[in-house]
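Protein chains in written order, with numbering that gives the first Met the number 0: chain A, 0 to 325; chain B, 0 to 325.
Where a beta carbon is used, it is the ideal one built from N, C-alpha and C, also for glycine.
For clarity, every value in this text was computed on a predicted model and none was experimentally measured.
Worksheet: one structure, shown below.
Number of protein chains: 2
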Amino acid sequence: MTHSVQLLGISNAIVDVLANVDPAFLDSIGAPPGSMTLIDQEQARDIYSKMGPATEMSGGSVANTVAGFANLGGTAAYIGKVRNDQLGDIFNHDMQSLGVDIRLPAATDGAPTARSHILITGDGQRTMQTYLGACLELALADITAATVGNPQLILLEGYVWDIAEGPALAKKAAEIARNNGSSVSLSLSDSYCVERHRDSFEDFVRNDADIVVADEDEIHALLDTDNIDDAVAKLVDYGKLFAVTRSEKGSVIVQGDTRVEQSATRVEKVVDSTGAGDAYSAGFLFGWANGKTFSECAQYGTTCATKVIQQLGARIEKGLRLEGVN
Amino acid sequence: MTHSVQLLGISNAIVDVLANVDPAFLDSIGAPPGSMTLIDQEQARDIYSKMGPATEMSGGSVANTVAGFANLGGTAAYIGKVRNDQLGDIFNHDMQSLGVDIRLPAATDGAPTARSHILITGDGQRTMQTYLGACLELALADITAATVGNPQLILLEGYVWDIAEGPALAKKAAEIARNNGSSVSLSLSDSYCVERHRDSFEDFVRNDADIVVADEDEIHALLDTDNIDDAVAKLVDYGKLFAVTRSEKGSVIVQGDTRVEQSATRVEKVVDSTGAGDAYSAGFLFGWANGKTFSECAQYGTTCATKVIQQLGARIEKGLRLEGVN
Chain A
0 MTHSVQLLGI
10 SNAIVDVLAN
20 VDPAFLDSIG
30 APPGSMTLID
40 QEQARDIYSK
50 MGPATEMSGG
60 SVANTVAGFA
70 NLGGTAAYIG
80 KVRNDQLGDI
90 FNHDMQSLGV
100 DIRLPAATDG
110 APTARSHILI
120 TGDGQRTMQT
130 YLGACLELAL
140 ADITAATVGN
150 PQLILLEGYV
160 WDIAEGPALA
170 KKAAEIARNN
180 GSSVSLSLSD
190 SYCVERHRDS
200 FEDFVRNDAD
210 IVVADEDEIH
220 ALLDTDNIDD
230 AVAKLVDYGK
240 LFAVTRSEKG
250 SVIVQGDTRV
260 EQSATRVEKV
270 VDSTGAGDAY
280 SAGFLFGWAN
290 GKTFSECAQY
300 GTTCATKVIQ
310 QLGARIEKGL
320 RLEGVN
Chain B
0 MTHSVQLLGI
10 SNAIVDVLAN
20 VDPAFLDSIG
30 APPGSMTLID
40 QEQARDIYSK
50 MGPATEMSGG
60 SVANTVAGFA
70 NLGGTAAYIG
80 KVRNDQLGDI
90 FNHDMQSLGV
100 DIRLPAATDG
110 APTARSHILI
120 TGDGQRTMQT
130 YLGACLELAL
140 ADITAATVGN
150 PQLILLEGYV
160 WDIAEGPALA
170 KKAAEIARNN
180 GSSVSLSLSD
190 SYCVERHRDS
200 FEDFVRNDAD
210 IVVADEDEIH
220 ALLDTDNIDD
230 AVAKLVDYGK
240 LFAVTRSEKG
250 SVIVQGDTRV
260 EQSATRVEKV
270 VDSTGAGDAY
280 SAGFLFGWAN
290 GKTFSECAQY
300 GTTCATKVIQ
310 QLGARIEKGL
320 RLEGVN
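Rendered as structure tokens:
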């Protein structure tokens, strides 16, 4: 069967507002270093007024992965909700300029386009304060046979479960995918998100997903484990393909009894860890969609993650090419 | 007399949209490398749709200088026109977060906030395609004793002369400044801008300005010279303070018979030359406002310019400090 595109992402469409801050700033706003906190519009105004000069770039976890996948030369489409405002224009432009097919028109009313205030400390760690705005209005009605189509793979993110109709629309997308011969993948987003929706994620991983991408904290939150060997032992039983990133410890790929370890690449300086996991997913899924071995997929993921942590922002600069692929 | 702030900038308030491009892209849109072209809203839409993924950051030549001046620890205020849209919010936020006093409210109608598409090629050179939007609506009526106040120095940019009421409002600002005991400085913006307004600039430099900041091309356009010694010989006669930047040849400060040469600092790689002149002006004027020698002023300018060309974007990262000042 012919797939219209290789990858379709369904996720929160967010513009990142990045600024360098002192650890004392995080303390002053009560944000634990490395955390992702959802905030409302008033809180967003307040934190922005306290922040230093910022840089704006398109973001959003799975949106970053889709952009990275397209940047590598893959074909991709995207479902997410922006408002028809200047930040929405920026988000859609950055996707479309990489050839990503935007499947929903920008909303003409409702909340403004989402933004995530990304506060970066000297060690490259990022703390996120996210106002979801228009993302919260992504609805079950937006997920149809027409908008989903028949991609080789759909990719959902855990954060979608924070949307009122999110769990239902994720299920619907998975069902459409199955009927169309598409595979289904899920990114677990972050460990707090996993804790918020553990039962629903457990069900989705068991019954809907073919591939799960996650970092080690997220996997532990899902499985209630605290070391990688216990986690892997539990993953074997699912029979699904798991790609688990472990920061400087590399990554591990598990599918049934198959286990592939990939080491991380040492970098001189982490400029900004934003998007490391998203970039890994882009490389990994690009390998998968092109029929590469698990080991090659893990190498592609590592190459992309290594690149993105040495620059400001969550998306790899245009034009990264992977040896032996393109 | 007590000045309310050290520096008041009056200029085009612009958000930069930065993207890396191939030289072939410049060719395809008919833009000479290194040029600054004014475009209308339709052309802006067209070029943006052809550009790759971008990064958005506050910009504008003299606005960058004001931000840099405040970043160094100087007190500053700003007059420029944005619309009350998301890009206008970004522009004002970035200024205010550095402590800059914004003197005009955002317009509630009219054209959207200005943006400059900055196309950066591999050698770090930038080519600008600028849509002035709301900037063109800066009016004579916006320049009053209340909005100008009594700063130690006002700084205008040549680009203001591209606004319908620009020449008149520049004259009015200079007059208010004189009456308030403020000094007046002018940045010549770019050589094409000087060619567009040479007679008016000549008059302003002779009769209104105390300080002129410019690069060598701009000075040659103003004086109709083609080598630095001829230019300096002509500048002597004006009796004003000139700071002329010469890229890798450093800079030269001229006031009457006084001539101070400052060498450039060698850098390993120019990431993005955007804002080099603006950053130089920030350092130079910061030194001047703090009573430093011409040589020290030139050193401060060089330090700021050296910093900004090694990063993406026109504004120095927060927190640069100059040795011996702060």
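Quiz item: Can you tell which of B:SER199, B:VAL212, B:LEU118 has its C-alpha closest to the C-alpha of GLY312 (chain B)?
Solution: Translated into positions along the second sequence, residue 312 (chain B) becomes position 313. Residue B:LEU118 is the option with its Cα nearest to GLY312 (chain B).
Quiz item: Name the chain B residues whose beta carbon is nearer than 9 Å to that of PRO52 (chain A)?
Solution: In the first sequence, residue 52 (chain A) corresponds to position 53, counting from 1. Here the neighbours are MET56, SER57, ALA66, ASN70, HIS92, ASP93, MET94, SER96, LEU97, ARG314, GLU316, LYS317.
Exercise. Return the first residue and the last residue of the alpha helix (DSSP H) that MET94 (chain A) is part of.
Key: Taking the first residue of the first sequence as 1, we reach residue 94 (chain A) at position 95. Segment 85 to 95, the alpha helix (DSSP H) holding MET94 (chain A).
Quiz item: Is it right to say ASP217 (chain B) is buried, meaning 16 or more other beta carbons lie within 10 angstroms of its own, or is it exposed?
Solution: Mapped onto the second sequence, residue 217 (chain B) falls at position 218. A small fix is needed here, since residue 217 (chain B) is Glu in this sequence, not Asp. Result: buried.
Practice problem: Count the C-beta pairs between the stretch 75 to 87 of chain B and the stretch 119 to 138 of chain B that are closer than 8 Å, then say yes if the count reaches three, no if not. | Solution: As far as the Cβ criterion goes, the stretch 75 to 87 of chain B touches the stretch 119 to 138 of chain B, which means the pair count is three or higher.
Exercise. Starting from ASP21 (chain B), trace the alpha helix (DSSP H) both ways and give me its first and last residue.
Key: Mapped onto the second sequence, residue 21 (chain B) falls at position 22. From DSSP, ASP21 (chain B) is part of no alpha helix (DSSP H); its letter is neither H nor E.
Quiz prompt | LEU6 (chain A) - partner residues in DSSP beta bridges | solution = Taking the first sequence and counting its residues from 1, the one referred to as residue 6 (chain A) is at position 7. DSSP lists A:ALA75, A:LEU152 as partners of LEU6 (chain A).
Quiz item: Along chain B, which residues have their Cβ under 7 Å away from the Cβ of ASN19 (chain A)?
Solution: Here residue 19 (chain A) refers to the residue found at position 20 when the first sequence is read from its first residue. Here the neighbours are GLU316, LYS317.
Quiz prompt | Selection of the stretch 126 to 138 of chain B by Cβ proximity to chain A, strictly under 9 Å | solution = none
Quiz item: Are the stretch 292 to 312 of chain B and the stretch 284 to 301 of chain A touching, with three or more C-beta to C-beta distances below 8 Å?
Solution: no
Self-check item: Backbone secondary structure at LEU240 (chain B) - three-state DSSP
Solution: Sequence index remark: in the second sequence, residue 240 (chain B) carries index 241 (1-based). Of the three classes helix, strand and coil, the one that applies to LEU240 (chain B) here is strand, per DSSP.
Practice problem: Could you say if the stretch 34 to 54 of chain B and the stretch 242 to 255 of chain B meet the contact criterion of at least three C-beta pairs nearer than 8 Å? | Solution: no
Quiz item: Looking only at C-alpha atoms, which of B:VAL231, B:GLY274, B:GLU201, B:ILE175 sits nearest to TRP160 (chain B)?
Solution: The residue given as residue 160 (chain B) occupies position 161 in the second sequence. When each option's Cα is compared against that of TRP160 (chain B), the closest is B:GLU201.
Quiz prompt | Whether LYS170 (chain B) touches ASP207 (chain B) by CB criterion (8 Å) | solution = Here residue 170 (chain B) refers to the residue found at position 171 of the second sequence. Here residue 207 (chain B) refers to the residue found at position 208 of the second sequence. Cβ atoms of LYS170 (chain B) and ASP207 (chain B): closer than 8 Å.
Exercise. Closer than 6 Å by C-beta to ASP189 (chain B): which residues in its own chain qualify, once you throw out the five before and the five after it? Chain order, please.
Key: Taking the second sequence and counting its residues from 1, one reaches residue 189 (chain B) at position 190. Contacts found: MET35.
Exercise. Out of A:ALA66, A:CYS296, A:ASP271, state which residue places its alpha-carbon closest to the alpha-carbon of SER262 (chain A).
Key: Within the first sequence, the letter at position 263 stands for residue 262 (chain A). Per the Cα distances, A:CYS296.
Exercise. Can you tell me which of the three DSSP states ILE28 (chain A) falls into?
Key: By 1-based counting over the first sequence, the position of residue 28 (chain A) is 29. If DSSP states are grouped into helix, strand and coil, ILE28 (chain A) belongs with coil.
Quiz item: Would you say TYR47 (chain B) faces chain A, with C-beta separation under 8 Å as the test?
Solution: In the second sequence, counting from the first residue as 1, residue 47 (chain B) sits at position 48. Judged by the 8 Å Cβ criterion, TYR47 (chain B) is in contact with chain A.
Quiz item: Which same chain residues, not among the five before or five after ASP84 (chain B), have their C-beta less than 7 Å away from its C-beta?
Solution: Taking the second sequence and counting its residues from 1, the one referred to as residue 84 (chain B) is at position 85. Only PRO111, THR112 meet the Cβ criterion.
Exercise. Flag ASP108 (chain B) as yes if its beta-carbon sits less than 8 Å from any beta-carbon of chain A, otherwise no.
Key: Reading the second sequence from its first residue, position 109 is the one you call residue 108 (chain B). Not one chain A Cβ lies under 8 Å of ASP108 (chain B).
Quiz prompt | heavy atom of the ligand PLP below 7 Å from ARG320 (chain B) C-beta | solution = Of ligands this structure carries none, so the ligand PLP is not represented either.
Quiz item: Counting only beta-carbon atoms, is ASN325 (chain B) nearer than 8 Å to chain A?
Solution: Counting from one through the second sequence, the residue named residue 325 (chain B) turns up at place 326. Reliability of the predicted coordinates at ASN325 (chain B) is poor, the pLDDT of 49 falling under 50, and the value obtained from them is presented with this limitation in mind. False, the Cβ-Cβ gap to chain A never drops below 8 Å.
Quiz item: What residue does the alpha helix (DSSP H) around THR273 (chain A) start on, and which one ends it?
Solution: Indexing the first sequence from 1 puts residue 273 (chain A) at position 274. Following the DSSP letters along the chain, one finds THR273 (chain A) in no alpha helix (DSSP H), marked with neither H nor E.
Self-check item: Buried versus exposed call for GLU260 (chain B) [16 or more other C-beta atoms within 10 Å across all chains shown]
Solution: As a first step, residue 260 (chain B) is located in the second sequence; it is residue number 261 there, counting from the start. Counting Cβ neighbours within 10 Å, GLU260 (chain B) comes out exposed, since fewer than 16 surround it.
Quiz item: Beta-carbon of ILE38 (chain A) versus every beta-carbon of chain B: anything under 8 Å?
Solution: Along the first sequence, read from residue 1 onward, the residue named residue 38 (chain A) stands at position 39. With 8 Å as the cut-off, ILE38 (chain A) does not count as an interface residue toward chain B.
Practice problem: Measure how close the beta-carbons of LEU187 (chain B) and LEU234 (chain B) come, nearest whole angstrom, since I'm counting them as under 8 Å. | Solution: The residue you call residue 187 (chain B) lines up with position 188 of the second sequence. The residue you call residue 234 (chain B) lines up with position 235 of the second sequence. LEU234 (chain B) and LEU187 (chain B) do not touch by the CB rule: their CB atoms are close to 12 Å apart, not below 8 Å.
Quiz item: When DSSP labels each residue in this structure, what does ASN325 (chain B) get in the three-state scheme?
Solution: Taking the first residue of the second sequence as 1, we reach residue 325 (chain B) at position 326. Any answer about ASN325 (chain B) is weak, because its pLDDT of 49 lies below 50 and its placement is not dependable; what the coordinates show is given next. Note: ASN325 (chain B) maps to coil in three-state DSSP.
Quiz item: Name the chain A residues whose beta carbon is nearer than 9 Å to that of ASP84 (chain B)?
Solution: In the second sequence, residue 84 (chain B) corresponds to position 85, counting from 1. Within 9 Å Cβ-Cβ: ASP84, GLN85.
Quiz prompt | chain A contact for ILE89 (chain B) (CB, 8 Å cutoff) | solution = On the second sequence, residue 89 (chain B) is found 90 positions in, with the first residue counted as 1. At least one chain A Cβ lies under 8 Å of ILE89 (chain B).
Self-check item: Close-in-space but distant-in-sequence residues of the same chain around ASP122 (chain B) (CB under 6 Å, 5 per side omitted)
Solution: To locate residue 122 (chain B), count along the second sequence from 1; it is residue 123. Closer than 6 Å at Cβ, skipping near neighbours: no residue.
Self-check item: VAL253 (chain B) to HIS219 (chain B) span [Cα, whole Å]
Solution: Counting from one through the second sequence, the residue named residue 253 (chain B) turns up at place 254. Counting from one through the second sequence, the residue named residue 219 (chain B) turns up at place 220. Distance between the alpha carbons of VAL253 (chain B) and HIS219 (chain B): 15 Å.
Exercise. Closer than 6 Å by C-beta to LEU240 (chain A): which residues in its own chain qualify, once you throw out the five before and the five after it? Chain order, please.
Key: Here residue 240 (chain A) refers to the residue found at position 241 when the first sequence is read from its first residue. Residues of the same chain with a CB within less than 6 Å of the CB of LEU240 (chain A), apart from the 5 flanking positions on each side, are ILE210, GLN254 in chain order.
Quiz prompt | Sequence-distant residues of the same chain with beta carbon closer than 8 Å to ALA18 (chain A), five excluded per side | solution = Residue 18 (chain A) sits at position 19 when you count from the first residue of the first sequence. Excluding sequence neighbours, ALA18 (chain A) sits near MET50, GLY51, PRO52, ALA53, THR54, HIS116, ILE117, LEU118, ILE119.
Quiz item: With a CB to CB cut of under 7 Å and the five nearest residues on each side skipped, what residues in its chain are close to PHE285 (chain A)?
Solution: Reading the first sequence from its first residue, position 286 is the one you call residue 285 (chain A). Excluding sequence positions up to five before and after PHE285 (chain A), its CB lies within less than 7 Å of the CB of PHE68, LEU71, GLY73, TYR299, all in the same chain and listed in chain order.
Quiz item: By Cβ distance below 6 Å, which residues in the same chain neighbour ALA75 (chain B) in space, the five residues on each side in sequence not counted?
Solution: For the purposes of this step, residue 75 (chain B) is identified with residue 76 of the second sequence, where counting begins at 1. If we look at ALA75 (chain B) and ignore the five residues flanking it on each side, its Cβ neighbours are VAL4, LEU6, VAL65, PHE68, ALA69, VAL99.
Quiz item: Taking the alpha-carbon positions, what's the ASP45 (chain B) to GLN151 (chain B) distance?
Solution: Along the second sequence, read from residue 1 onward, the residue named residue 45 (chain B) stands at position 46. Along the second sequence, read from residue 1 onward, the residue named residue 151 (chain B) stands at position 152. In a straight line, the C-alpha of ASP45 (chain B) is about 42 Å away from that of GLN151 (chain B).
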